[in-house]
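Q:
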Amino acid sequence: MKNMPLFVVALLALAVSGCAVRRAAEPAESTGKSAVVARQADSSAGETDDWDDVADVQVHDPIEPVNRGVFWFNHQLYTFIAKPFSTAYEAVFPELVRRSIRNAYENIRFPVRFVNHTLQGRLDQTAKETGRFLVNTTAGVGGVMKPADKIPALADIPKVDTGQTFGKWGVPHGPYLVFPVLGPTSSRDLVGTAGDTVLNPVAWLGLLFGGAAWTTAVSAPSGAHGVPDQMDRYDMATKDALDPYISARTGYMQNREAAVGR
Amino acid sequence: MKLALLTLVLASALAVVTRASNEDAETALRAAVDQVLTVAQKAKSGSSMADQITPVLLRHVCFESMTRRAVGPGWRQFTPEQKAEATKLFTKLIIRSYSEKFTPGEQPDTKYLKSSSPGAGKVEIPTITVYKGSRYNVTYRMEDRGKWMVTDILAEGVSLVANYRAQFDALVKKGGAVAVIASLKQSVERT
Chain A
33 MKNMPLFVVA LLALAVSGCA VRRAAEPAES TGKSAVVARQ ADSSAGETDD WDDVADVQVH
93 DPIEPVNRGV FWFNHQLYTF IAKPFSTAYE AVFPELVRRS IRNAYENIRF PVRFVNHTLQ
153 GRLDQTAKET GRFLVNTTAG VGGVMKPADK IPALADIPKV DTGQTFGKWG VPHGPYLVFP
213 VLGPTSSRDL VGTAGDTVLN PVAWLGLLFG GAAWTTAVSA PSGAHGVPDQ MDRYDMATKD
273 ALDPYISART GYMQNREAAV GR
Chain B
1417 MKLALLTLVL ASALAVVTRA SNEDAETALR AAVDQVLTVA QKAKSGSSMA DQITPVLLRH
1477 VCFESMTRRA VGPGWRQFTP EQKAEATKLF TKLIIRSYSE KFTPGEQPDT KYLKSSSPGA
1537 GKVEIPTITV YKGSRYNVTY RMEDRGKWMV TDILAEGVSL VANYRAQFDA LVKKGGAVAV
1597 IASLKQSVER T
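Those protein sequences? They're chains A and B, same order as listed. Here the working numbering runs 32 ahead of the position in the first sequence, where the first position is 1. Here the working numbering runs 1416 ahead of the position in the second sequence, where the first position is 1.
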């Protein structure tokens, strides 16, 4: 137990805490689970309408006031630090260079995809990922280009990560959390992110040569180079929202449920 | 024997009708996407894009259905005037939001995947859209409303309608139609 990685211990704790079966009518708030489920007909009105087929996004958010506080803090951080950084990054590096860095980073994260396809029992996808990695690494000059996109069998492999694998195994989300800088996650996906970091070769290099700050900067969900894309996604989720916090939360949960369903 | 034959004939007929519906919906979607891209290619900035893209989207997107579904059962409490006002504001918000996704000069490449029909008069068309070097799963929900129209868009699994529903729910509970319209007005006026 002493030598067991922290994220495995946390995963086990999460699985044990969330193993109760939720009754059909029980709201997510009372069970610690979050889900995107087909909305039931509005029985109070005694009739159905076409709004009943809209997905009901249930989120277990027991510390919403705290999460809202962190969300506000992140908003300031994104507005006054990350966005100026993003603008400067885009001004310094032309689109072609930015795309190449993004491609190379994505290519080197191959172990994350290889291990998770395998853990999900999708060996055909494991084989395709391996083929894609070999093609992009050789013909794509270390992954800077993506020639595998031109090969239909290798072009559209579903994205995978460790949190998604846990979801496929039936591990529930647990409470919804908003972390400073990193943003929204769930307890399950937080452990998943730790797993992704362990599987990310860039993080290994960071630990060997650069220490924790480097590891965090380059191996966080999309790395420092991914800040412009993250800012785009943040804007998409919040800019025209009536309640940006709920919009980001609902968007996160739907996106993760879709990933597990793929 | 006769019953089995009849069942087979009906099932075959249903399959043909469904296939025809899916094809009609896909044809309508392709036309809509092509028209949007033609306009987007000509537009110089986000604001002029919103102006130019509005008539195209009004032809192909059923905003009334989108608004009604986004609000949910609380829609019953709305007067006809409030329904019209909410639809007008929500339409404006969605079109503005959609227009801002385009960068002038950047053309997305859309690959249409196998469609499915979750119910009569409904078709879901998944696509893979490559935009600025990144691949996105975008699914269009279409409905036959005399002609095939888009009623929801799911980007990477995130339904536009479900996302707004979660936000409207709290407003409807808090202040009904008045709160919904006030919040929509505030968002539309925000630049």
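Backbone N, C-alpha and C define an ideal beta-carbon position, used for all residues, glycine too.
Can you list the residues of chain B that residue 287 (chain A) reaches, using a CB-CB cut of under 8 Å?
A: Residue numbering aside, residue 287 (chain A) sits at position 255 when the first sequence is read from its first letter. Here the neighbours are 1572, 1573, 1574.
Q: Going straight from the alpha carbon of residue 1527 (chain B) to that of residue 97 (chain A), what length do you get?
A: Sequence index remark: in the second sequence, residue 1527 (chain B) carries index 111 (1-based). Sequence index remark: in the first sequence, residue 97 (chain A) carries index 65 (1-based). Cα-Cα distance, rounded: 42 Å.
Q: Is the CB of residue 1509 (chain B) under 8 Å away from at least one CB in chain E?
A: Within the model displayed, chain E is absent; protein chains A and B are what it includes.
Q: Looking only at its chain, what residues have a beta carbon closer than 6 Å to the beta carbon of residue 218 (chain A), apart from the 5 residues adjacent to it on each side?
A: For the purposes of this step, residue 218 (chain A) is identified with residue 186 of the first sequence, where counting begins at 1. If we look at residue 218 (chain A) and ignore the five residues flanking it on each side, its Cβ neighbours are 205, 206, 208.
Q: By how many angstroms is the C-alpha of residue 101 (chain A) removed from the C-alpha of residue 74 (chain A)?
A: Here residue 74 (chain A) is taken as the residue at index 42 of the first sequence, counted from 1. Here residue 101 (chain A) is taken as the residue at index 69 of the first sequence, counted from 1. Legend: pLDDT at residue 74 (chain A) = 45, less than 50; position of this residue unreliable, value from coordinates given subsequently. When rounded, the distance between both Cα atoms is 33 Å.
Q: Which value, in whole angstroms, describes the spacing of the CA atoms of residue 182 (chain A) and residue 161 (chain A)?
A: Numbered from 1 along the first sequence, position 150 holds the residue referred to as residue 182 (chain A). Numbered from 1 along the first sequence, position 129 holds the residue referred to as residue 161 (chain A). The straight-line gap from Cα to Cα measures roughly 14 Å.
Q: Tell me the start and end of each unbroken beta strand (DSSP E) in the stretch 149-235 of chain A that is at least 3 residues and wholly inside, in chain order.
A: Qualifying beta strand (DSSP E) stretches, in chain order: 208-211, 215-218.
Q: Counting Cβ pairs closer than 8 Å, one from the stretch 1506-1515 of chain B and one from the stretch 1471-1489 of chain B, do we hit at least three?
A: The stretch 1506-1515 of chain B is in contact with the stretch 1471-1489 of chain B.
Q: With burial defined as no fewer than 16 other Cβ atoms inside 10 Å of the residue's Cβ, what is the status of residue 1602 (chain B): buried or exposed?
A: Taking the second sequence and counting its residues from 1, one reaches residue 1602 (chain B) at position 186. Under this definition residue 1602 (chain B) is an exposed residue.
Q: Following the continuous alpha helix (DSSP H) through residue 1581 (chain B), name the residue where it begins and the one where it ends.
A: As a position in the second sequence, residue 1581 (chain B) is number 165, starting the count at 1. 1576-1605 is the span of the alpha helix (DSSP H), which, as asked, contains residue 1581 (chain B).
Q: Label residue 58 (chain A) either buried or exposed according to how many other C-beta atoms from any shown protein chain fall within 10 Å of its C-beta, with 16 as the threshold for buried.
A: Here residue 58 (chain A) is taken as the residue at index 26 of the first sequence, counted from 1. Low confidence applies here, because residue 58 (chain A) scores a pLDDT of 39, under 50, leaving its location unreliable and the question unanswered by this model.
Q: Below 6 Å CB to CB, which residues in the same chain sit around residue 93 (chain A) once its five sequence neighbours on both sides are set aside?
A: Walking along the first sequence from the start, residue 93 (chain A) turns up at place 61. Closer than 6 Å at the Cβ level, and outside the excluded window around residue 93 (chain A), lie 208.
Q: Are there any heavy atoms of the ligand PLP lying less than 7 Å away from the beta-carbon of residue 1568 (chain B), as far as the coordinates show?
A: By its list of ligands, the structure shown contains no ligand whatsoever, and the ligand PLP lies outside what it can speak to.
Q: Applying the 10 Å Cβ sphere with the 16-neighbour rule, what's the burial state of residue 1550 (chain B)?
A: Position 134 of the second sequence holds residue 1550 (chain B). Exposed is the call here.
Q: Would you kindly work out how many angstroms separate the C-alpha atoms of residue 1570 (chain B) and residue 130 (chain A), rounded to a whole number?
A: Within the second sequence, the letter at position 154 stands for residue 1570 (chain B). Within the first sequence, the letter at position 98 stands for residue 130 (chain A). Rounded to the nearest angstrom, the two C-alpha atoms are 27 Å apart.
Q: Curious, which full-length beta strand (DSSP E) runs of at least 3 residues does the stretch 1501-1567 of chain B contain?
A: Listed in chain order, they are 1525-1528, 1532-1535, 1538-1547, 1550-1560.
Q: Within 10 Å of its beta-carbon, does residue 290 (chain A) have 16 or more other beta-carbons around it, so buried, or fewer, so exposed?
A: Here residue 290 (chain A) refers to the residue found at position 258 of the first sequence. Per the 10 Å Cβ criterion, buried.
Q: Taking 8 Å as the limit between beta carbons, can you name the residues of its chain near residue 1540 (chain B), skipping five residues before and five after?
A: Within the second sequence, residue 1540 (chain B) is the residue found at index 124, counting from 1. 1531, 1532, 1533, 1534, 1555, 1556, 1557, 1558, listed in sequence order.
Q: With a threshold of 8 Å between beta carbons, is residue 220 (chain A) in contact with chain B?
A: Here residue 220 (chain A) refers to the residue found at position 188 of the first sequence. Chain B contact via Cβ: absent.
Q: Quick one: residues in its chain with C-beta nearer than 6 Å to the C-beta of residue 276 (chain A), no 5 flanking neighbours on either side, listed in chain order?
A: Here residue 276 (chain A) refers to the residue found at position 244 when the first sequence is read from its first residue. Answer for residue 276 (chain A): 270, listed in chain order.
Q: Going by the beta-carbon positions, is the gap between residue 1586 (chain B) and residue 1512 (chain B) smaller than 8 Å?
A: Here the question's residue 1586 (chain B) lines up with position 170 in the second sequence. Here the question's residue 1512 (chain B) lines up with position 96 in the second sequence. Contact: no.
Q: Please list, in chain order, all residues of the same chain as residue 1593 (chain B) whose beta carbon is under 8 Å from its beta carbon, the five residues on each side excluded.
A: Residue mapping note: residue 1593 (chain B) aligns to position 177 of the second sequence, counting from 1. These residues qualify, in order along the chain: 1490, 1493, 1494, 1495, 1498, 1502.
Q: Do three or more CB pairs link the stretch 185-192 of chain A to the stretch 138-149 of chain A at distances below 8 Å?
A: The stretch 185-192 of chain A vs the stretch 138-149 of chain A: in contact.
Q: With 8 Å as the threshold, decide whether the Cβ of residue 189 (chain A) is near any Cβ in chain B.
A: Position 157 of the first sequence, counted from the start, is the residue given in the question as residue 189 (chain A). No - not a single Cβ of chain B is within 8 Å of the one on residue 189 (chain A).
Q: Quick one: Cα of residue 41 (chain A) to Cα of residue 1488 (chain B), how far?
A: Counting from one through the first sequence, the residue named residue 41 (chain A) turns up at place 9. Counting from one through the second sequence, the residue named residue 1488 (chain B) turns up at place 72. No answer about residue 41 (chain A) holds up, because its pLDDT of 36 lies below 50 and its placement is not dependable.
Q: Using a Cβ-Cβ cut-off of 7 Å (strictly less than) and excluding sequence neighbours within five positions of residue 1393 (chain B), which residues of its own chain qualify?
A: A query on residue 1393 (chain B) cannot be resolved here, the shown segment of chain B reaching from 1417 to 1607 and no further.
Q: Since I believe residue 188 (chain A) is in contact with residue 1510 (chain B) (beta carbons under 8 Å), could you give me their beta-carbon distance rounded to a whole number of angstroms?
A: Residue mapping note: residue 1510 (chain B) aligns to position 94 of the second sequence, counting from 1. Residue mapping note: residue 188 (chain A) aligns to position 156 of the first sequence, counting from 1. Actually they are not in contact, since the Cβ atoms of residue 1510 (chain B) and residue 188 (chain A) sit about 28 Å apart, beyond 8 Å.
Q: Taking residue 272 (chain A) as part of the alpha helix (DSSP H), name the residues at either end of that continuous run.
A: Against the first sequence, residue 272 (chain A) aligns to sequence position 240. Element bounds for residue 272 (chain A): n/a, residue is neither H nor E.
Q: For residue 274 (chain A), count neighbouring Cβ atoms within 10 angstroms of its own Cβ and tell me buried if that reaches 16, exposed if not.
A: Your numbering for residue 274 (chain A) matches position 242 in the first sequence. The residue in question, residue 274 (chain A), is buried, as its Cβ has 16 or more Cβ neighbours within 10 Å.
Q: Which residues bound the beta strand (DSSP E) around residue 91 (chain A)?
A: As a first step, residue 91 (chain A) must be located in the first sequence, where it is residue number 59. Element bounds for residue 91 (chain A): n/a, residue is neither H nor E.
Q: If you check the beta carbons only, do residue 91 (chain A) and residue 285 (chain A) fall under 8 Å apart?
A: The residue given as residue 91 (chain A) occupies position 59 in the first sequence. The residue given as residue 285 (chain A) occupies position 253 in the first sequence. Result yes, Cβ atoms of residue 91 (chain A) and residue 285 (chain A) sit closer than 8 Å.
Q: Answer yes or no: does any C-beta atom of chain B fall closer than 8 Å to that of residue 89 (chain A)?
A: Stepping through the first sequence from its first residue, residue 89 (chain A) is reached at position 57. Yes, residue 89 (chain A) counts as interfacial toward chain B.
Q: Ignore the nearest five residues each way along the sequence and tell me which others in residue 1469 (chain B)'s own chain have a CB closer than 8 Å to its CB.
A: Counted from its first residue, the second sequence places residue 1469 (chain B) at position 53. Within the same chain, residue 1469 (chain B) has close Cβ partners 1452, 1455, 1456, 1459, 1511, 1514, 1515.
Q: Identify each residue in the stretch 1456-1478 of chain B for which the Cβ-Cβ distance to at least one residue of chain A is less than 7 Å, and report them in chain order.
A: Listed in sequence order: no entries.
Q: From A:118, A:138, A:137, A:227, pick the residue whose C-alpha is nearest to that of residue 261 (chain A); which is it?
A: The residue given as residue 261 (chain A) occupies position 229 in the first sequence. Nearest C-alpha to residue 261 (chain A): A:118.
Q: For residue 1441 (chain B), which three-state DSSP category applies?
A: Residue 1441 (chain B) sits at position 25 when you count from the first residue of the second sequence. Residue state, collapsed to three classes: helix.
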